[in-house]
Amino acid sequence: MKHICIYCKIEKPLDSAHFPMHKRKKSGFDSRCIECKRLYDKNRYLQKRDKILEQKRKYYQRKKQKTAPKGEGDDLRETSKI
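Going by my numbering, the residue at position 36 of the sequence shown is 24; the numbering climbs one at a time, nothing skipped.
Below, the structure is given as structure tokens:
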């Protein structure tokens, strides 16, 4: 089965070697080929680099606050062995 990429307009075989998987699509594959998707993602990152890095910093800080410091929780493992 063949599929046409919506960006480069080249007809390619519809398989995971040429099109990335996409769960929400009826066919199960993305409408962009792997090469076009890589190019799109790279350009998007370059255009929105500062915003993406800021989101990553905020996520890291939230995640860091939720996790327990080292040493805490070790005693829980020991009590469960008894």
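Ideal placement from N, C-alpha and C gives every residue a C-beta, glycine not left out. Keep in mind the model is a prediction, meaning the values are calculated, not measured.
With a beta-carbon spacing of about 6 Å, K25 and D18 fall inside the 8 Å limit used to define contacts. Between the C-alpha atoms of K13 and D3 there is a straight-line separation of about 14 Å. In the three-state DSSP reduction, K36 falls in the coil class, being neither helix nor strand. Between the C-alpha atoms of I(-8) and Q35 there is a straight-line separation of about 27 Å. Taking a 10 Å sphere around the C-beta of R20, we find 16 or more other C-beta atoms and assign the residue as buried.
Just measuring C-alpha positions, the residue of K44, K(-3), R45 sitting nearest I22 is K(-3).
In the DSSP annotation of this structure, the continuous segment of the beta strand (DSSP E) that includes H(-9) starts and ends at -10 to -8.
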